[in-house]
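> Numbering (the working numbering), first residue to last: 1 to 541.
Heads up, the beta-carbon is just placed ideally off N, CA and C, and yes, glycines get one too.
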Ligand code: AMP
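#1: Is residue 327 close to the ligand AMP? I mean its beta-carbon at under 7 Å from any heavy atom of the ligand.
#2: Less than 8 Å between the beta carbons of residue 295 and residue 269, yes or no?
#3: What three-state label does DSSP hand residue 108 in the structure shown?
#4: Counting only runs that start and end within the segment 377-448, where is the beta strand (DSSP E) found for 3 or more residues in a row?
#5: In its own chain, which residues sit with a C-beta less than 7 Å from the C-beta of residue 557, not counting the 5 before and 5 after it?
#6: Leaving out the 5 sequence neighbours to the left and right, which residues in its chain are closer than 7 Å to residue 427 when beta-carbon positions are compared?
#7: Using beta-carbon positions only, say whether residue 94 and residue 80 come within less than 8 Å of one another.
#8: Of all the options 241, 364, 226, which has the alpha carbon lying nearest to the alpha carbon of residue 300?
#9: Taking only three categories from DSSP, how would you classify residue 367?
#10: Pick from 137, 250, 480: whose alpha carbon is nearest that of residue 60?
#11: What runs of the beta strand (DSSP E), each 3 residues or longer, lie entirely inside the segment 105-176?
#12: Report the residue ranges of all beta strand (DSSP E) runs contained in full by the segment 456-505; include only those spanning at least 3 residues, in chain order.
#13: Which residue comes first and which comes last in the beta strand (DSSP E) that contains residue 336?
#14: Applying the criterion that 16 or more other CB atoms from any shown protein chain within 10 Å of the CB defines a buried residue, is residue 358 buried or exposed?
#15: In terms of residue numbering, what span does the alpha helix (DSSP H) encompassing residue 279 cover?
#16: Could you check the C-alpha separation between residue 246 and residue 253 for me, to the nearest Å?
#17: If you count every other CB in all the chains shown that lies within 10 Å of the CB of residue 534, and 16 or more means buried, which is it?
#18: So the candidates are 526, 541, 537, 8; which of them puts its Cα closest to the Cα of residue 99?
#19: When the distance is taken between beta carbons, is residue 241 closer than 8 Å to residue 256?
#20: Apart from the five residues on each side of it in sequence, which residues of its chain come closer than 6 Å, Cβ to Cβ, to residue 92?
#21: Do you know whose CA, among 305, 416, 320, 308, lies nearest residue 371's CA?
#22: To the nearest angstrom, report how far apart residue 510 and residue 276 are at their CA atoms.
#23: Which two residues bound the contiguous alpha helix (DSSP H) that contains residue 225?
#24: Taking 7 Å as the cut-off, is the C-beta of residue 420 nearer than that to any heavy atom in the ligand AMP?
#25: Between which two residues does the alpha helix (DSSP H) holding residue 52 run?
#26: On the DSSP letters alone, give me the boundaries of the beta strand (DSSP E) that residue 27 sits inside.
#27: Sort 334, 204, 264, 293 by Cα distance to residue 29 and report the nearest one.
#28: Is the beta carbon of residue 302 within less than 7 Å of some heavy atom of the ligand AMP?
#29: When you compare the segment 327-343 with the segment 394-412, are there three or more beta-carbon pairs, one atom per stretch, that lie closer than 8 Å?
#30: Return the CA-CA distance between residue 154 and residue 325, expressed in angstroms with no decimal places.
#31: Does at least one heavy atom of the ligand AMP sit under 7 Å from the Cβ of residue 509?
#32: Looking at C-alpha atoms only, which residue of 430, 400, 386 is the closest neighbour of residue 420?
#33: Could you confirm whether any beta carbon from chain B is found closer than 8 Å to the beta carbon of residue 414?
#34: Could you tell me which of 489, 460, 475 sits nearest to residue 497, measuring between CA atoms?
#35: For residue 197, report the span of its beta strand (DSSP E) as first-last.
#36: Heavy atom of the ligand AMP less than 7 Å from the Cβ of residue 485, yes or no?
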């Protein structure tokens with residue numbers, strides 16, 4: 001029909017060009033492995049990204065080819081985030097913390113041809129190189145780590161690669177549904193599964209996280225993504241930053257305590273994002289070694305549940321607001337954000353806190369429902385819980401080259417993606433995860449939420465972290481086993497009887513772990529992206 005709007009393609013090169021035209025002077029700061037800071041502007045970033053595109057062309061990268069990265073968060077990684085998709089190729093961000101067999105599986109499954117790796121990360125790749133079937137060449141990004149004298153196939157230095165290229169504005173015209181990026185899910189069961197993001201999904205997701213009721217990314221922000229660039233595209237933050245003109249602060253390989261506190265204080269970070277463990281470590285650090293982190297307007301926590309006690313502690317001790325969010329590799333990841341709605345501002349502080357500890361309200365363009373075992377939708381009443389299913393323009397429609405039929409079983413015939421999370425949704429539309437389907441514990445024939453017990457235990461004074469798994473039990477069917485990590489000062493005098501009484505306020509006596517099922521450990525084992533690794537704990541029980 002005549003008179004309609006333009007069919008403007010939602011492709012990543014358009015985001016890149018915006019940066020050069022609208023905020024070339026804005027800064028991108030990166031911590032290098034020697035502790036120093038590298039600073040340059042979006043203008044320089046733009047020029048170098050064009051040069052990188054030329055270099056990739058000369059290396060024979062064609063549309064659809066997979067180009068991998070094995071790197072920390074840094075400006076060069078950001079250049080790759082844009083140069084590879086702008087050529088029509090696919091950026092595959094490899095998780096640097098994966099077990100070797102999984103890494104080999106993923107590289108071969110994705111058929112990666114080039115791997116860009118940080119100098120500080122060459123060793124694990126050198127060990128595995130002979131098993132990579134399709135990799136032709138490694139490009140090393142010198143992050144100023146000490147030289148370990150390691151050699152990799154066809155090794156070239158990143159700076160040498162782009163040095164003599166010219167910055168030509170030659171963007172192929174791409175369909176917005178072209179694949180742009182890929183990540184593999186951490187694979188808690190079976191082989192890891194590949195998720196392919198399109199230009200369109202990345203573009204819309206970048207707009208999604210910039211909406212004011214979601215993360216409100218804007219040109220007034222200074223953003224510190226501690227979430228790795230290999231974990232769901234760093235939650236899409238580099239794309240939203242380049243779209244809005246936010247100043248970026250990349251933390252490199254120094255993610256704990258002091259280096260993070262210093263970056264926040266010195267660069268006046270306004271928005272920081274990461275998994276709960278990172279923020280818990282920072283909180284403990286700040287109790288010993290003070291720093292001013294009051295510039296933060298929102299500390300985004302996702303990937304695992306943000307404990308209520310931590311949300312409260314940041315508020316009280318630093319005046320910093322934790323913004324709880326939920327998502328998955330398959331959902332790009334943004335699904336929900338726990339901002340308070342207007343009407344909630346008159347609620348009591350305790351009720352507000354409870355609401356903010358939920359995973360949050362669904363952002364526009366993400367539709368959701370919870371269903372029972374037979375797939376029937378359940379009401380949003382805050383008490384019925386069932387599997388969470390979602391759909392939307394940045395939710396995966398299938399897995400990349402699934403190994404077997406089961407891999408795609410999460411996608412329903414009527415167009416929903418089954419998340420495997422068990423959740424309830426309250427009458428305000430706020431979702432609360434009660435468990436992963438496989439982490440629920442069936443004790444005396446009743447479902448017990450491991451997450452609820454963990455949250456309860458973490459609210460007990462003196463406990464830093466808690467994880468709950470089930471063990472087979474003759475009487476109860478399954479019984480809960482509670483692993484706890486005490487705060488250092490409570491290491492030797494945590495009162496387990498008191499803990500028992502404390503849990504008794506929330507749980508029936510037969511749900512509470514026996515004293516012999518409460519185990520004190522030094523640290524909860526974590527997965528490659530920093531979540532509690534319950535597989536390891538289950539093996540121990
Ligand atoms: P991944 O694909 O590795 O990011 O893992 C996604 C899974 O992490 C989800 O299906 C949830 O089980 C879990 N998850 C993510 N965000 C949260 C959150 N805010 N609270 C609880 N679990 C979360």
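On the basis of the data shown:
#1: The residue given as residue 327 occupies position 327 in the chain shown. Yes, the beta carbon of residue 327 sits closer than 7 Å to at least one heavy atom of the ligand AMP.
#2: The residue you call residue 295 lines up with position 295 of the chain shown. The residue you call residue 269 lines up with position 269 of the chain shown. Yes, these two residues count as a Cβ contact at 8 Å.
#3: In the chain shown, counting from the first residue as 1, residue 108 sits at position 108. It is helical.
#4: 386-391, 417-425, 430-436, 441-443, 446-448
#5: Within the shown structure, residues of the chain are numbered from 1 to 541, placing residue 557 beyond reach of any answer.
#6: For the purposes of this step, residue 427 is identified with residue 427 of the chain shown, where counting begins at 1. Contacts found: 380, 381, 382.
#7: As a working mapping, residue 94 is identified with position 94 in the chain shown. As a working mapping, residue 80 is identified with position 80 in the chain shown. No. Outside cutoff.
#8: Along the chain shown, read from residue 1 onward, the residue named residue 300 stands at position 300. Among 241, 364, 226, the Cα nearest to that of residue 300 is on 226.
#9: Sequence index remark: in the chain shown, residue 367 carries index 367 (1-based). In the structure shown, residue 367 sits in a strand (DSSP, three-state: E or B).
#10: Taking the first residue of the chain shown as position 1, residue 60 is located at position 60. When each option's Cα is compared against that of residue 60, the closest is 137.
#11: 114-118, 137-141
#12: 463-473, 477-486
#13: To locate residue 336, count along the chain shown from 1; it is residue 336. Residue 336 -> beta strand (DSSP E) spans 334-337.
#14: As a first step, residue 358 is located in the chain shown; it is residue number 358 there, counting from the start. With 16 or more Cβ atoms within 10 Å of its Cβ, residue 358 is classed as buried.
#15: Here residue 279 corresponds to residue number 279 of the chain shown, with the count starting at 1. Note, residue 279: alpha helix (DSSP H), 276-288.
#16: The count along the chain shown starts at 1 and reaches residue 246 at position 246. The count along the chain shown starts at 1 and reaches residue 253 at position 253. Computed Cα separation, rounded: 22 Å.
#17: As a first step, residue 534 must be located in the chain shown, where it is residue number 534. Under this definition residue 534 is a buried residue.
#18: Numbered from its first residue, the chain shown carries residue 99 at position 99. Here the closest residue by C-alpha is 526.
#19: Reading the chain shown from its first residue, position 256 is the one you call residue 256. Reading the chain shown from its first residue, position 241 is the one you call residue 241. No, the Cβ-Cβ distance between residue 256 and residue 241 is not below 8 Å.
#20: Taking the chain shown and counting its residues from 1, the one referred to as residue 92 is at position 92. Correct list, in chain order: 66, 68, 110, 112, 182.
#21: Taking the chain shown and counting its residues from 1, one reaches residue 371 at position 371. Out of 305, 416, 320, 308, 416 has the C-alpha closest to the C-alpha of residue 371.
#22: Counting from one through the chain shown, the residue named residue 510 turns up at place 510. Counting from one through the chain shown, the residue named residue 276 turns up at place 276. Taking the straight line from one Cα to the other gives about 30 Å.
#23: Counting from 1 along the chain shown, the entry for residue 225 is found at position 225. It is not in any alpha helix (DSSP H) - residue 225 instead sits in the beta strand (DSSP E) that spans 222-225.
#24: The sequence position of residue 420 within the chain shown is 420, counting from 1. Because some heavy atom of the ligand AMP lies under 7 Å away, the Cβ of residue 420 counts as near it: yes.
#25: Looking up residue 52 in the chain shown gives position 52. Note, residue 52: alpha helix (DSSP H), 42-58.
#26: For the purposes of this step, residue 27 is identified with residue 27 of the chain shown, where counting begins at 1. First-last of the beta strand (DSSP E) with residue 27: 27-31.
#27: Within the chain shown, numbered from 1, the residue matching residue 29 stands at position 29. Nearest option by C-alpha distance: 264.
#28: For the purposes of this step, residue 302 is taken as the residue at position 302 of the chain shown. Yes, the ligand AMP has a heavy atom inside 7 Å of this Cβ.
#29: yes
#30: Looking up residue 154 in the chain shown gives position 154. Looking up residue 325 in the chain shown gives position 325. Taking the straight line joining both Cα atoms gives about 42 Å.
#31: As a working note, residue 509 is residue 509 in the chain shown. Incorrect: residue 509 has no Cβ contact closer than 7 Å to the ligand AMP.
#32: Here residue 420 refers to the residue found at position 420 of the chain shown. The candidate whose alpha carbon is nearest that of residue 420 is 386.
#33: Judged by its chain identifiers, the structure shown contains no chain B, having just a single protein chain.
#34: On the chain shown, residue 497 is found 497 positions in, with the first residue counted as 1. For the residues 489, 460, 475, the minimum Cα distance to residue 497 belongs to 460.
#35: Taking the chain shown and counting its residues from 1, the one referred to as residue 197 is at position 197. Where residue 197 is concerned, the enclosing beta strand (DSSP E) stretches over 194-198.
#36: Counting from 1 along the chain shown, the entry for residue 485 is found at position 485. False, no ligand heavy atom lies under 7 Å from that Cβ.
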